[in-house]
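Enquirer: Line by line, the protein sequences give chains A and B.
All residue numbers for the first sequence refer to our numbering, where the first residue is 189 and numbers rise by one.
All residue numbers for the second sequence refer to our numbering, where the first residue is 34 and numbers rise by one.
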Amino acid sequence: MTQLDLTGLTAEPAQVWGGIRLVPLVRETPITDLRLRRDLFTDAWMAVEPGDGSYYASYIPHGFVADWARDGKWQAAYGTQLCDEYDQPDDTPVHAIPMRRLVQRAGSRRLRFLPLHLALEGYLALHFGGPSVLWEEWAKRAVSRGLSPRAEMAYVGASVEGLDEALRIFEIHPGQCGVMVYTADALAAAFVVPHPDDYRALHSSLLQDLYGELVYQHAYYSPPVREFTAVIEDARVSDLAGLRSAALGQLDAWAEDHDRHLAGGLLDESYEITQLRRMGAAGRYRLSRFLPPFALHREQHIGETITDLKGRVAYLKSMRLSENQVRRGHLLSQLARYDWNLEDTAAALGSSPVELVRRIRSAGFDGLLKRHVVEAAQRGRWDGRPSSRQGG
Amino acid sequence: METYETYADLVAAEDVLLFVNAAITSTGQREFRSTADEQRMSLDFLHEYVRVNYRELYAATLALDINDHNAVEIIRRLLVSARETDEKQRRVEGRLIGARLAVLPPQRVYRLFGQLRRARVNNRRTRAIMRDWLAGRRDHGFDAVKYRSGFKTAVRHGHLPVTDELGDFLFAPRRRGHYEHELLDTYRRARYTHSALYELPFTVAEGFAAQHGIPRAVFLDRIEPRMTRYERLRNQESARAHRTEVEVDLAAMPLTRLASYVLSLDLSVRSERRAELTGALRAAARRVAGPYAGTWGRVAAVLDDSFSASGSAQKRRRPLAVALACHFLLAELADTYVPLWTSGRGDALLTYPYGPTPIGLRILDALDHSPARLVIVSDGWDNAPPGLAGEVLRVWRTRLDPSRRTSVVHLNPVYDAAGYDVRRLAPSVPTSGVRDAEDLPALVELAQFAEGRTGLAELRAYLDDRVKLFTGTEGTTA
């Protein structure tokens with residue numbers, strides 16, 4: 189469990205439009221040996237073949253390509269392509285393009301991945317395998333096939349009220365390498381890239397990203413949020429130099445306030461970070477996903493990040509989970525923690541097994557349980573037999 | 034009782050001033066932060082509100098440097114609602130309308146006549162106004178060719194007498210095989226002969242050229258002598274793209290238009306033609322400054338070149354063009370001049386909209402030079418951090434400069450549709466709308482009213498002076 193380290197990034201004053209607040213993050217020294225570029229997919233319908241004969245189809249508005257150079261210096265890369273089919277632009281494939289994996293090496297010094305997909309995969313595949321111990325109340329399907337398939341709903345940025353306008357009129361700071369998006373003053377997403385040029389190119393891609401249900405609702409129902417305007421105490425100012433230092437003090441105060449109060453939900457949380465891939469010269473950068481502890485009634489973010497050897501963030505993309513999603517994650521992690529034993533889990537959660545079965549049902553996982561257990565729980569009876577353990 | 038009146042007066046003065054600001058800046062077109070619909074709706078409300086409540090002052094604003102769009106709008110509304118007022122006021126309005134129509138571009142006047150026709154306004158007074166204006170036109174044949182449909186509508190709607198030949202040209206074009214009037218006959222011939230179309234006005238010839246399929250380069254080359262000076266400026270880049278040349282005297286162009294043209298060029302082109310462009314901008318500014326050149330003392334300017342100065346697709350880089358034009362004008366007006374762009378860049382000619390608006394910090398930099406005048410040209414969206422400019426100006430005024438050694442004025446080229454005014458930086462700083470940098474000296478004068486300390490009486494007196502100047506001088510020439 190570690191925290192995200194945004195050292196080197198400073199929050200500049202926010203820009204507000206309606207219910208949306210955008211906080212620019214400026215990097216004093218841009219990272220030059222790792223670059224990120226947008227890869228527009230000519231055909232956004234994609235299919236992945238996991239290899240067992242099934243297809244995984246998805247709509248992918250854009251993917252990112254990370255580039256690095258062996259000698260630590262970034263060189264202009266051109267002709268970034270995903271697969272040979274894209275060589276002729278007029279030969280646009282109408283059918284779905286089969287791809288092996290969602291993170292894929294695209295050449296020796298490039299890595300292609302789909303934004304937020306790692307994070308979502310991590311969340312969706314949470315305890316994917318189902319129970320490892322076959323308790324009586326778990327259905328055969330749960331043990332043999334696990335939780336698959338799970339579905340979660342998300343909204344594309346373009347449908348988040350006011351986000352398009354807020355991004356259009358946003359004035360990008362010199363040296364800006366990231367942004368934090370707030371809807372109704374709740375952190376909706378954080379986005380950090382290595383270099384200002386990357387940010388300029390990817391600024392509008394925020395509109396094609398996916399956002400949780402909560403963000404959509406916040407933006408839809410939120411009244412315009414207030415600007416945090418500068419205030420100078422005039423009693424203390426006696427000359428121009430004093431006025432200047434008071435004005436500069438306002439800037440510093442804002443950066444500190446932002447990190448502590450507004451972004452606290454993201455930055456103060458400890459995450460379970462899974463490293464997925466090393467890249468760059470001597471494995472300098474790590475691509476990983478992070479999952480929150482799924483604490484109930486708290487702001488929880490999932491996301492993916494590229495960090496350097498010291499753990500400082502070079503790339504970050506996060507997504508805020510809705511309350512329901514947090515609850516599902518919480519339930520799954522609690523079940524896994526107690527070896528999927530319903531009675532132990534219920535005891536740990538401070539409720540009864542009947543109540544737990546109801547919760548599993550309302551979380552949409554009732555297919556995992558045997559029918560008679562669910563039905564009995566609906567009538568208020570507990571029909572599990574914890575003593576008859578049959579091995580796993 | 035008296036206090037009540039004073040309060041009402043202050044409100045009236047404020048209402049009229051915000052209307053003037055709107056009438057100077059807004060054209061009902063899209064801006065960086067609001068759509069065309071929002072701008073139009075907001076402007077519509079203001080027009081209606083001021084016309085109903087302060088009709089005399091509403092009419093008097095025609096004498097100010099408001100933009101053509103709003104001048105036409107005011108004239109239309111005055112004519113539509115003429116019966117709501119008495120004979121004396123109507124006479125005053127008639128004089129103002131006549132004087133304003135005389136300085137409006139003819140295409141706008143013809144469009145106004147079309148609007149009056151659609152609104153079914155056709156009383157004796159309106160017809161008289163149309164007749165008088167048309168009588169002042171130099172050549173009806175020329176108008177009939179260049180503004181054909183507008184002219185036709187005006188003649189038809191105003192029952193205006195025209196010569197038989199012109200009548201045939203407009204209403205029965207096939208009746209005559211030949212016209213005595215040279216231009217009318219050229220127009221007839223241009224339908225069949227290529228050479229004839231080069232004697233027509235540029236806009237008319239352009240249509241014929243398309244009809245005849247004449248290559249653009251050939252057309253531009255041969256039509257050049259017939260182009261007006263704005264047409265020359267507008268077609269500079271079109272000509273360049275077609276590898277031909279249209280001659281233009283850049284130094285003779287109005288300052289703000291020239292600035293717009295400069296900003297439309299690529300950075301590399303601008304630095305290649307640096308001497309030429311800078312020279313033209315300086316010459317235009319010197320012409321505007323006239324006798325006031327070098328009389329303003331120490332001047333510092335804070336000029337906004339943040340991303341929002343890019344304007345909109347309809348008003349491309351307009352706020353930045355105004356700032357650039359103000360920069361050159363202030364350089365001429367000032368004795369010593371310090372320009373400060375919000376982005377921190379120094380080369381005015383190579384400016385482009387980029388970055389946030391740390392206007393508060395720039396104002397501090399400007400005050401460091403202890404100027405006699407501080408001019409701020411910005412859209413008023415101070416966002417790095419928000420509200421700092423207002424605080425700096427407030428503390429400066431209350432704590433550091435209560436004796437007003439430095440006079441501060443804020444000129445804003447963008448109308449804020451939601452606020453029904455141009456956006457202010459601080460309540461203590463007089464703010465005025467600005468459309469063309471050429472009006473800067475007059476606007477600085479007008480802005481003193483916006484400080485909220487001058488009442489309706491002074492404003493009325495100021496407007497009266499302007500009206501007398503406007504109708505008097507125009508009246509003698511017309």
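Backbone N, C-alpha and C fix where the C-beta goes; we use that ideal spot for every residue, glycine too.
Quick check: the Cα distance between Phe146(B) and Tyr495(B), rounded to an integer number of angstroms?
Expert: 31 Å
Enquirer: Check whether the Cβ of Phe184(B) lies closer than 8 Å to any Cβ atom in chain A.
Expert: no
Enquirer: Give the secondary structure of Met368(A) by DSSP, where H, G and I count as helix, E and B as strand, and everything else as coil.
Expert: strand
Enquirer: Going by C-alpha to C-alpha distance, which of Arg472(A), Glu401(A), Ser433(A), Leu210(A) sits closest to Val344(A)?
Expert: Considering only alpha carbons, the answer is Glu401(A).
Enquirer: So, does the CB of Ala346(A) fall closer than 8 Å to a CB anywhere in chain B?
Expert: no
Enquirer: For Met341(A), does the count of other Cβ atoms within 10 angstroms reach 16, so buried, or fall short, so exposed?
Expert: exposed
Enquirer: Closer than 7 Å by beta-carbon distance: list the chain A residues that pair up with Leu534(B), in chain order.
Expert: Nothing in the structure corresponds to residue 534(B), since chain B is present only between 34 and 511.
Enquirer: Do you know whose CA, among Leu217(B), Thr439(B), Ile162(B), lies nearest Tyr180(B)'s CA?
Expert: Leu217(B)
Enquirer: Please decide whether Ala418(A) counts as near chain B, where near means a Cβ-Cβ distance under 8 Å.
Expert: yes
Enquirer: Given 8 Å as the limit, is there contact between the region 460–470 of chain B and the region 55–63 of chain B, that is, 3 or more CB pairs closer than that?
Expert: yes
Enquirer: Does DSSP put Asn103(B) in a helix, a strand or coil?
Expert: helix
Enquirer: Does the ligand FMN have even one heavy atom less than 7 Å from the beta-carbon of Arg116(B)?
Expert: This structure does not include the ligand FMN; it has no bound ligands of any sort.
Enquirer: For Ile208(A), would you say it is in contact with chain B, using Cβ-to-Cβ distances shorter than 8 Å as the test?
Expert: For Ile208(A), not one C-beta of chain B is nearer than 8 Å to its own C-beta.
Enquirer: Does the structure place the region 102–121 of chain B close enough to the region 80–88 of chain B that three or more beta carbon pairs sit under 8 Å?
Expert: yes
Enquirer: I need the boundaries of the beta strand (DSSP E) containing Arg569(A), first residue and last residue.
Expert: Per DSSP, Arg569(A) is not a residue of any beta strand (DSSP E), being assigned neither H nor E.
Enquirer: Measuring alpha carbon to alpha carbon, tell me which of His485(A), Glu421(A), Gln438(A), Asp554(A) ends up nearest Lys330(A).
Expert: The displayed chain sequence assigns Ala, not Lys, to residue 330(A). The option with the nearest alpha carbon to Ala330(A) is Asp554(A).
Enquirer: Of all the options Trp374(B), Phe184(B), Glu120(B), which has the alpha carbon lying nearest to the alpha carbon of Ala141(B)?
Expert: It is Arg, not Ala, that sits at residue 141(B) in the sequence shown. Ranking the options by Cα distance to Arg141(B), first place goes to Phe184(B).
Enquirer: Could you tell me the boundaries of the beta strand (DSSP E) in which Ile409(B) lies?
Expert: 406–410
Enquirer: Label Asp221(A) either buried or exposed according to how many other C-beta atoms from any shown protein chain fall within 10 Å of its C-beta, with 16 as the threshold for buried.
Expert: So Asp221(A) counts as buried.
Enquirer: Using only alpha-carbon positions, find the residue among Glu198(B), Asp176(B), Val125(B) that is nearest to Ile162(B).
Expert: Val125(B)
Enquirer: What residue from Gly568(A), Arg546(A), Ala502(A), Glu511(A) has the CA that sits closest to Gly196(A)'s CA?
Expert: Ala502(A)
Enquirer: According to DSSP, simplified to helix, strand and coil, what is Val348(A)?
Expert: coil
Enquirer: Counting contacts by CB-CB distance shorter than 8 Å, is Phe52(B) in contact with chain A?
Expert: no
Enquirer: Between Leu557(A) and Ala327(A), is the Cβ-Cβ spacing less than 8 Å?
Expert: yes
Enquirer: Whose CA, out of Ser550(A), Arg546(A), Ala551(A), Gly552(A), lies closest to the CA of Gln566(A)?
Expert: Arg546(A)
Enquirer: May I have the straight-line CA-CA distance separating Pro419(B) from Arg351(B), to the nearest angstrom?
Expert: 23 Å
Enquirer: Along the chain, which unbroken stretches of the alpha helix (DSSP H) at least 4 residues long are found entirely within the region 288–334 of chain B?
Expert: 288–297, 300–305, 307–322
Enquirer: Could you tell me the distance, in whole angstroms, from the CA atom of Ala450(B) to the CA atom of Trp414(B)?
Expert: 13 Å
Enquirer: Does the count of Cβ pairs from the region 473–487 of chain A and the region 355–362 of chain A closer than 8 Å reach three?
Expert: no
Enquirer: When DSSP labels each residue in this structure, what does Pro212(A) get in the three-state scheme?
Expert: strand
Enquirer: With H, G and I counted as helix, E and B as strand and the rest as coil, what does DSSP make of Asn86(B)?
Expert: helix
Enquirer: What does a CB cutoff of less than 7 Å around Ala575(B) pick up in its chain, not counting 5 residues either side in sequence?
Expert: As shown, chain B starts at 34 and ends at 511. That puts residue 575(B) outside it, with no answer to give.
Enquirer: Below 8 Å on the Cβ atoms is my guess for Arg395(B) versus Leu373(B); work out the distance and round it to an integer in Å.
Expert: 5 Å
Enquirer: Which two residues bound the contiguous beta strand (DSSP E) that contains Ala536(A)?
Expert: Unbroken run through Ala536(A) is the alpha helix (DSSP H), 530–537; no beta strand (DSSP E).
Enquirer: I need the DSSP call for Ala199(A), collapsed to helix, strand or coil.
Expert: If DSSP states are grouped into helix, strand and coil, Ala199(A) belongs with the strands.
Enquirer: Within the region 371–455 of chain B, note down every full beta strand (DSSP E) run reaching 3 residues or more, in order along the chain.
Expert: 406–410, 440–445
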